[in-house]
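Asks: Pasting a structure below so you can have a look.
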Amino acid sequence: MRAFLSFWNLFGLILFLLGLWLYGASQAPEGPKALPLPAEEARPTALALVLHRPDPPQGFRKETLTQELPPGADPHQAALKAWSEALSAPSPKAIFPVGKTLVVDLPKDFLKGLSVGEEAYRVYSLAYTLLATFPQYEAVRFLAEGEPVPGLAHLDLREPIRLP
Numbered sequence: 001m002r003a004f005l006s007f008w009n010l011f012g013l014i015l016f017l018l019g020l021w022l023y024g025a026s027q028a029p030e031g032p033k034a035l036p037l038p039a040e041e042a043r044p045t046a047l048a049l050v051l052h053r054p055d056p057p058q059g060f061r062k063e064t065l066t067q068e069l070p071p072g073a074d075p076h077q078a079a080l081k082a083w084s085e086a087l088s089a090p091s092p093k094a095i096f097p098v099g100k101t102l103v104v105d106l107p108k109d110f111l112k113g114l115s116v117g118e119e120a121y122r123v124y125s126l127a128y129t130l131l132a133t134f135p136q137y138e139a140v141r142f143l144a145e146g147e148p149v150p151g152l153a154h155l156d157l158r159e160p161i162r163l164p
C-alpha cells in the first residue's frame, strides 16, 4: 500500500488532474456565434422636397412639399417623380448618387417644345430642387439617354450644376 501512496504517484495524479482540467477549460463549447447583421439604414418615411419653381424673370420660387414615402422607396426617385408632377415636366429616367454628385439621366424629349429661357429654367429647377432637398450632395450632373453630353439644347452641361 505504501507504493500506491508514494510522493511521485500523488504528484503524477495531481499533475494529470490539472492537465485534464486545463484541457477541458480550453475545449469548452462557446456555442455557435452568429454574425451580427448590419444595422439597416434608417429610411425616411417622409420626404421634404424643396421645390424650386421657375418664376421668370425673378428666378425661382421656393416651395416645400412633404411627400410620404412607402417602405423601401428610394427618396431620390420619389423626388424626381414629385418634381416632374409639380412642374408638369417629363420625368427623368433615373438618378444615381456618385460620391457627392447626383447623376440624372434625362430622356430625349425632356426639353422638347421649350424656348431657350424655359430650357434653362427647367434644367436649373431640377438641379436646385435636388440639391436643396438632399444637402449632402454638392453638384448635379446630367446625362442624355445614359450618355454624357457636352450640352443639352442650348445649355452647356460639361460642368456639373451647383447651388449658387
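Under full-length UniProt numbering, the residues of the sequence shown are numbered 1 to 164, in order. Even glycine gets a Cβ: it sits at the ideal position worked out from N, Cα and C.
Enumerate, from N- to C-terminal direction, the unbroken beta strand (DSSP E) stretches of 3 or more residues contained entirely within the UniProt domain "GerMN" (62-153).
Replies: 94-98, 101-106, 139-144
Asks: Can you tell me whether Leu18 is helix, strand or coil according to DSSP?
Replies: Translated into the one-based positions of the sequence shown, residue 18 becomes position 18. Helix.
Asks: Cutting at 8 Å between CB atoms, please list the residues of its own chain near Thr64, excluding the five before and the five after it.
Replies: Translated into positions along the sequence shown, residue 64 becomes position 64. Contacts found: Ala48, Leu49, Val50, Leu51.
Asks: In whole angstroms, give me the CA-to-CA distance for Ala94 and Leu106.
Replies: Within the sequence shown, the letter at position 94 stands for residue 94. Within the sequence shown, the letter at position 106 stands for residue 106. Distance between the alpha carbons of Ala94 and Leu106: 7 Å.
Asks: Whether or not the segment 70-84 and the segment 1-18 are in contact is what I'm after, with contact meaning three or more pairs of Cβ atoms, one per stretch, closer than 8 Å; do they touch?
Replies: no
Asks: Measure the CB-CB distance between Ser115 and Pro54 and report whether it falls below 8 Å.
Replies: Locating residue 115 in the sequence shown gives position 115, counting from the first residue. Locating residue 54 in the sequence shown gives position 54, counting from the first residue. No, they are not a contact pair.
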